[in-house]
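> First the structure, which I've put down as C-alpha cells, then a few questions once you've had a look.
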Amino acid sequence: MNAPAQRLKKVVPVPYTRYLPDVVRRNLGHWVDRKQHGAGIMEHISDTGDHLFTVKVGGTPNVRFSTRTLRKFVDIANEHGLHSLRFTRSGSIEIFAGDLASAKRVQQAVEEIGFHVGGWGHTLWSIGSCTAYLTCTTAVIDAPSLTNALYNRLVPYFTGEVELPAKLRVNVGGCPTGCGGLVADIVLTGHYGAVPGYDPEKIRLCLPARADVLDKVVPEVQMVCPVNAIRSFAKPDGSVGIEIIEKKCIGCGRCKDVCDHITWDPAKSGVSVLIGGKSSNTGVGPTMARVLVPWIPARPPDYREAVAVVQKIIDVWRANARPGERVADFIERVGMPAVFDLLGVPASRWNRPTAPDTGFGVRQFVAR
Amino acid sequence: MEEAKEATDSRSSSVRRGLEILDRVEAGGSWPSHITELKQSGYPLEAYAQGLGDGVSPWFGGSARIPYVYVGFIARRTKDGKHTELHFRVYHPSGQIYRTDDLGKLLDFADNFGLGLVETVGQTGDLVIPVQAEHADRAVDEIRALGTDLGGTGDTFRDTAVCVGPALCEYALFDTLAARDHYFQLPAVYEKLSSQLFPFKIKLKASGCPMDCARAVQRSDFAFVGTWQGAPSVDPEALRVKTEAGEVDPARLAAECPGHAIGWDAASRSLSIDGAKCQKSMNCIRAAFPAIRPGTDRKVAFLVGANAKGRYGPKMAKPVALLDDPAEAGEFMIRLIDYWADRAPHKDRLGDFLVKEGFEHLKVEFKDALTVEESGTPASASRIVTSAVLSDADRDRYAAWAESIAKEYDG
C-alpha cells in the first residue's frame with residue numbers, strides 16, 4: 030500500500046484530451062454543422078473537412094450492463110466504427126463511425142444483439158431511471174423494472190417509427206427525491222402514498238439514547254423534516270420517542286434519508302406523475318415538472334396503470350401540440366386546467382392545475 | 100423456534116415471487132432488460148427479487164473500510180443480512196468519451212475486481228462499478244493505475260458533470276471539458292474531493308450553450324452555462340440561401356421566437372433581431388445554423404443553489420454573474436462554500452441554506468471576489484412536492500381514474 034498521505038489524494042482523469050480518439054481531438058471546437066439520418070444516426074460536420082457519425086443506442090434500464098454486453102459494443106465499434114464510443118449523461122451509448130455506410134453497419138450489428146437505435150430529434154429520448162431496489166436504501170418503488178415496462182410499450186417512439194411533436198424525455202425515480210430530477214417532460218416518482226411510520230424497536234438507533242439530552246439536541250431525523258412534522262419526546266422509561274404528525278407530513282422522505290428505520294405500507298405506496306419539466310432554454314425555458322396526478326398504483330411486473338397513464342399523456346400531447354412544442358410549451362399555450370380536462374384528472378390540494386414556473390436559467394440575465 | 104421457521108419460509112416465498120416478477124419483466128417486450136444483464140453478472144439477484152416480492156427496497160446502509168480512502172464507495176447489506184453489496188463510483192474522463200482500448204481496461208477491472216457489471220452513468224455522472232469487498236483495497240490501487248479514481252459520495256464535493264461541449268457540438272460557447280478539468284485541479288476544490296466536511300453534497304455542472312444538456316440550472320450547486328449578450332449574429336447572405344432552398348422559413352422564426360425579438364419584413368426580405376428582447380432560447384439558431392449563430396459577445400452565466408435533493412425539495416439556480424471565463428467564479432465559489440459549511444445544519448444543501456439565509460447580502464459581502472450582475476429576476480421555485488399524504492378515499496379516487504385509463508388501452 031502507498032503511504033497514507035499519498036493514498037488520500039485523488040487521481041483525477043485530466044487532461045481530458047488524453048482520452049479522446051484522434052477524430053475528436055483534431056476537430057475540437059471545429060464542428061460547424063450536423064445532419065440527422067433517421068432517429069439514431071447523427072452526422073457531425075467539421076470545418077476541417079471531417080465528418081463524424083455517431084450511432085445512438087438506447088441503454089438498459091438504470092444503464093446496467095454486464096461486461097459481456099459492453100464488450101460486444103466494443104467489438105462493434107472496433108469492427109465497423111472508429112474504435113471509440115461515448116456514454117451519454119442520460120444513459121445512451123453513442124458509437125463513433127467514419128461514414129454513413131459504416132454507421133448503418135453499426136446500427137445493424139447493434140440491432141442484431143437486441144438493442145434499439147434512436148432517441149434523437151422528435152422522439153422519446155433515453156428514459157432516466159434511478160437504481161431503486163438494485164442498491165438504494167430509500168427507494169419506495171422499483172424504478173428500473175417500471176422503466177423496463179415503459180420502454181417495452183414506448184419502443185416505437187424511441188426508434189422514430191412513430192413521430193412525436195418534439196423531443197420527449199421521461200424520468201423514473203423510486204422515491205420522493207426523484208434522483209432523475211424533475212427535468213423531464215414526464216416524471217414518475219415513487220412515494221409512500223400515506224404518512225410513513227417507523228420500526229418501533231429499531232427507531233431508537235436513530236435517536237439519542239436518553240431523553241435528558243433533548244433540551245440540548247434535536248434528533249437528526251426530526252431536524253431534517255422541512256415541515257416540522259416530526260416531534261420527539263421523553264418516554265416514561267427515560268428513552269426518546271417520536272411522533273410523525275400526519276396532518277403536517279408531506280411525505281417527502283427526508284427522514285428516511287437519515288434513518289433506515291422509517292417504514293411504510295407497500296399496499297399504499299405508488300407513484301406520482303409530473304409533467305412539463307425540461308432543462309433546455311428553448312420555448313418557455315428550463316422548468317421543473319409539476320404534479321399532474323399525486324398517486325397511482327405501481328404494480329410489477331406489468332405496471333399496467335402507470336404505463337397506460339404515460340401512454341395517455343403522450344397521446345393527448347401528440348393530438349394537441351403544435352410541431353416542435355415540448356410538453357412544457359404545450360402547457361404554457363393551452364393552460365394547465367385545459368390539460369387536466371383533456372386527461373380527466375380529478376384535482377385536489379396535492380395536484381392543483383398550475384403551470385410550471387418559468388423564466389429561469391440564462392434568461393434571468395436578460396433585463397426585462 | 101416455530102416462529103423462526105415461519106419467518107424463513109415467508110422470506111423464501113417473497114424471493115420466489117420476486118424471481119417470477121423479474122422473469123416476467125425481462126420477457127415483457129423487445130427493450131433490452133437490465134435483468135438479463137444482472138443474470139450475466141455476479142449480482143445477487145435474490146436480493147433484488149426479495150425487494151420486488153416484498154414491495155420495499157431490500158437494502159440497508161452497510162459498512163466497509165478501505166484504508167485512507169474515505170470517499171467514493173458505498174456499502175449496502177440486505178435487511179436479513181444474507182447479501183452485501185459494495186460499489187465504487189469512478190470518474191469518467193470529461194465528456195465520457197472512450198477509445199475502446201481504454202474502455203477495455205475498465206471492463207477488465209470490472210471483471211477481475213467486480214461482478215462483471217457496471218452502471219455506465221450514475222446520477223452524479225460517475226461510472227458505477229460493483230466490486231468484491233475482499234479485494235476493495237487492492238481495487239483502489241488498480242483503478243488509480245488506470246488514471247482515474249473513486250468519485251464522490253456523501254457530504255463532499257462530488258464528481259462534476261459537463262456536456263460534451265467542443266468535442267462533438269457546434270453550439271458550445273466555451274470549453275466545458277476544460278472547465279471540468281480546471282475545477283478538478285483547483286487546489287481549493289481538489290482538497291474537497293476527498294473529505295466529507297460539509298453539510299451536504301456539492302455539485303458543479305457546466306453546459307456549453309443555453310440548451311443546458313448537463314442540466315446545470317436544475318441540478319447543481321454551482322452552474323455554468325454558455326450564453327451571449329445582445330442579439331444572435333445573422334449572416335444575411337447565408338440566410339437568403341437557406342430561405343430560398345426552403346430549409347428555413349423566416350416568418351415562422353419570427354412567429355415562434357419566445358422573446359418576440361425577431362422582425363421579418365417580407366417585402367424587403369430582411370430579418371432583424373432585437374438583442375434586448377432575445378431570451379437566448381436558441382430557437383432561430385437551431386433552425387438556421389450557421390446562418391444564424393450565437394452573438395459574438397460570448398459569456399458564461401454563473402448561477403448557484405440548484406438541487407434535485409435537498410431539505411426544501413428540488414429548486415432552480417439563482418443568477419450570480421456573467422463571466423468571460425468559468426475560472427473567474429473560483430474564489431466566490433470557495434468563499435460561499437466556506438460560509439455555508441460554517442453555518443448550515445446537516446442536510447441543508449446550499450440552495451436550502453440560501454432560502455433561509457437570503458442571498459442578496461452574500462453577493463454584497465463577496466463582491467471583491469466577483470462583480471455581481473444587477474440585472475435579472477432572481478426567481479426561484481421551491482417547495483415542489485413530488486409526494487402526497489393521502490387518505491384511503493383519496494387513493495381510491497386516483498386509482499379509479501388510473502384504472503379507467505388502463506382500461507382504455509388494455510381493456
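Residue numbers (my numbering), protein chains in the order written: chain A, 30 to 397; chain B, 100 to 510. C-beta: ideal position from N, C-alpha, C; glycine also.
Under three-state DSSP, which class holds B/S111?
Taking the first residue of the second sequence as 1, we reach residue 111 of chain B at position 12. Here B/S111 sits in helix by DSSP.
> Would you say A/N91 reaches chain B, if we count a Cβ-Cβ gap shorter than 9 Å as a contact?
Within the first sequence, residue 91 of chain A is the residue found at index 62, counting from 1. Closer than 9 Å to some Cβ of chain B, the Cβ of A/N91 qualifies, so yes.
> Can you check which of these residues, A/I142, A/K85 and A/T152, is closest to A/E354 by C-alpha distance?
Position 325 of the first sequence, counting from 1, holds the residue named residue 354 of chain A. Checking every option, the nearest Cα to that of A/E354 belongs to A/T152.
> Does the beta-carbon distance from B/V230 to B/L185 come in below 9 Å?
Sequence index remark: in the second sequence, residue 230 of chain B carries index 131 (1-based). Sequence index remark: in the second sequence, residue 185 of chain B carries index 86 (1-based). The answer is yes: Cβ separation under 9 Å.
> Can you grab the Cα-Cα spacing for the pair A/T218 / A/G282, in whole Å?
Along the first sequence, read from residue 1 onward, the residue named residue 218 of chain A stands at position 189. Along the first sequence, read from residue 1 onward, the residue named residue 282 of chain A stands at position 253. Approximately 12 Å between the Cα atoms of the pair.
> Measure the CB-CB distance between B/D311 and B/V324 and report whether it falls below 9 Å.
The sequence position of residue 311 of chain B within the second sequence is 212, counting from 1. The sequence position of residue 324 of chain B within the second sequence is 225, counting from 1. Going by C-beta atoms, B/D311 is nearer than 9 Å to B/V324.
> Counting contacts by CB-CB distance shorter than 9 Å, is A/P329 in contact with chain B?
Here residue 329 of chain A corresponds to residue number 300 of the first sequence, with the count starting at 1. Cβ-Cβ to chain B under 9 Å: yes for A/P329.
> Using a C-beta to C-beta distance shorter than 8 Å, which residues of chain A count as neighbours of B/Y502?
Counting from one through the second sequence, the residue named residue 502 of chain B turns up at place 403. The residue you asked about is not Tyr; residue 502 of chain B is Glu in the sequence shown. Chain A residues near B/E502: E334.
> Who pairs with B/F321 in a beta bridge, going by DSSP?
Counting from 1 along the second sequence, the entry for residue 321 of chain B is found at position 222. Partner(s): B/L303 and B/V403.
> Assign B/E145 to one of two classes, buried (16 or more other C-beta atoms within 10 Å of its C-beta) or exposed (fewer than that).
For this step, residue 145 of chain B is matched to residue 46 along the second sequence. Flag for B/E145 reads buried.
> Could you run through the stretch 355-367 of chain B and flag, in chain order, every residue whose CB is less than 8 Å away from some CB of chain A?
Under the 8 Å Cβ criterion, the stretch 355-367 of chain B contributes E355, P357 and G358.
> Does A/R97 have its Cβ less than 9 Å from a Cβ in chain B?
Numbered from 1 along the first sequence, position 68 holds the residue referred to as residue 97 of chain A. Chain B, which has a Cβ nearer than 9 Å to the Cβ of A/R97, makes this yes.
> I think B/A271 touches B/G307, with their Cβ atoms under 8 Å apart; what is that distance to the nearest whole Å?
For the purposes of this step, residue 271 of chain B is identified with residue 172 of the second sequence, where counting begins at 1. For the purposes of this step, residue 307 of chain B is identified with residue 208 of the second sequence, where counting begins at 1. With 8 Å as the limit, B/A271 and B/G307 qualify as a contact, their Cβ atoms being about 3 Å apart.
> In whole angstroms, what is the alpha-carbon distance linking A/V300 and B/A487?
As a first step, residue 300 of chain A is located in the first sequence; it is residue number 271 there, counting from the start. As a first step, residue 487 of chain B is located in the second sequence; it is residue number 388 there, counting from the start. A/V300 and B/A487: Cα-Cα distance of roughly 10 Å.
> As a quick exercise: from A/A223, A/R233, A/L236 and A/Y180, pick the residue whose alpha carbon is nearest that of A/I279.
Locating residue 279 of chain A in the first sequence gives position 250, where the first residue counts as 1. Measuring from the Cα of A/I279, the nearest candidate turns out to be A/A223.
> In chain A, which residues lie with their C-beta within 8 Å of the C-beta of B/W439?
Counting from 1 along the second sequence, the entry for residue 439 of chain B is found at position 340. The premise fails here: B/W439 is roughly 16 Å from chain A at the closest Cβ pair, so nothing lies under 8 Å.
> Is it buried or exposed, B/K398, if we count other Cβ atoms within 10 angstroms and call 16 or more buried?
Position 299 of the second sequence, counted from the start, is the residue given in the question as residue 398 of chain B. Burial call: buried.
> What runs of the beta strand (DSSP E), each 3 residues or longer, lie entirely inside the stretch 215-299 of chain A?
The qualifying runs are 215-220, 259-263 and 269-273.
> Verify the CB distance criterion: does B/I391 have a CB-CB separation below 9 Å to chain A?
Here residue 391 of chain B is taken as the residue at index 292 of the second sequence, counted from 1. False, the Cβ-Cβ gap to chain A never drops below 9 Å.
> Are any of the Cβ atoms in chain A nearer than 9 Å to that of B/R410?
Residue numbering aside, residue 410 of chain B sits at position 311 when the second sequence is read from its first letter. For B/R410, the answer is yes, since a Cβ of chain A falls inside 9 Å of its Cβ.
> Can you tell me whether DSSP reads B/R392 as helix, strand or coil?
Stepping through the second sequence from its first residue, residue 392 of chain B is reached at position 293. The answer is strand: DSSP assigns B/R392 an E or B state.
> Note down, in chain order, every chain A residue with its Cβ under 9 Å from the Cβ of B/L137.
Reading the second sequence from its first residue, position 38 is the one you call residue 137 of chain B. Ordered by position in chain A, the residues that pass the 9 Å Cβ test against B/L137 are R93, S95 and L163.
> If you measure between the beta carbons of A/M365 and A/A350, is that distance less than 9 Å?
Your numbering for residue 365 of chain A matches position 336 in the first sequence. Your numbering for residue 350 of chain A matches position 321 in the first sequence. Result no, Cβ atoms of A/M365 and A/A350 do not sit closer than 9 Å.
> Rounding to the nearest angstrom, what Cα-Cα distance links A/H109 and B/V124 in this structure?
Taking the first residue of the first sequence as position 1, residue 109 of chain A is located at position 80. Taking the first residue of the second sequence as position 1, residue 124 of chain B is located at position 25. Taking the straight line from one Cα to the other gives about 32 Å.
> For A/S301, name the three-state secondary structure that DSSP assigns.
Indexing the first sequence from 1 puts residue 301 of chain A at position 272. Strand at A/S301.
> Is any beta-carbon of chain A found at less than 9 Å from that of B/R257?
Mapped onto the second sequence, residue 257 of chain B falls at position 158. No, its Cβ sits nowhere closer than 9 Å to a Cβ of chain A.
> Near A/P225, what residues of its chain come up, given a Cβ to Cβ distance below 6 Å and the 5 sequence neighbours on each side ignored?
Residue numbering aside, residue 225 of chain A sits at position 196 when the first sequence is read from its first letter. I291 and W293.
> Once you ignore the five residues that flank A/G390 on each side, which residues in its own chain have a CB closer than 6 Å to its CB?
Position 361 of the first sequence, counting from 1, holds the residue named residue 390 of chain A. Excluding residues within five positions, the ones whose Cβ falls inside 6 Å are N310, G314 and P315.
> Count the other CB atoms, across all protein chains shown, that sit within 10 Å of the CB of B/S156; report buried if there are 16 or more and exposed otherwise.
Locating residue 156 of chain B in the second sequence gives position 57, counting from the first residue. B/S156 should be labelled buried.
> B/L449 and B/G404: beta carbons closer than 9 Å?
For this step, residue 449 of chain B is matched to residue 350 along the second sequence. For this step, residue 404 of chain B is matched to residue 305 along the second sequence. Against a cut-off of 9 Å, the Cβ pair of B/G404 and B/L449 comes out as a contact.
> List, from N- to C-terminal side, the alpha helix (DSSP H) runs of 4 residues or more that fit wholly inside the stretch 115-156 of chain A.
Qualifying alpha helix (DSSP H) stretches, in chain order: 129-141.
> Checking 9 Å against the spacing of the C-beta atoms, do B/I196 and A/L57 come in under that value?
Looking up residue 196 of chain B in the second sequence gives position 97. Looking up residue 57 of chain A in the first sequence gives position 28. The answer is no: Cβ separation not under 9 Å.
> For A/N331, is the classification buried or exposed, using 16 other Cβ atoms within 10 angstroms of its Cβ as the cut-off for buried?
Counting from one through the first sequence, the residue named residue 331 of chain A turns up at place 302. For clarity, residue 331 of chain A is Asp in the given sequence; the question names Asn instead. Buried, since its Cβ has 16 or more Cβ neighbours within 10 Å.
> Taking the alpha-carbon of A/K297 as reference, which of A/Y45, A/P323 and A/G305 has the nearest alpha-carbon?
Start at 1 with the first residue of the first sequence, and residue 297 of chain A comes out as number 268. Nearest C-alpha to A/K297: A/P323.
> Less than 7 Å between C-beta atoms, sequence neighbours within five positions excluded: which residues of the same chain meet that for A/F144?
In the first sequence, residue 144 of chain A corresponds to position 115, counting from 1. Taken in chain order, the residues that qualify are V86 and G87.
> Just to confirm my understanding: we take A/G127, look at its own chain, exclude 5 residues before and 5 after, and list those with CB closer than 6 Å. What are they?
Position 98 of the first sequence holds residue 127 of chain A. These residues qualify, in order along the chain: L111.
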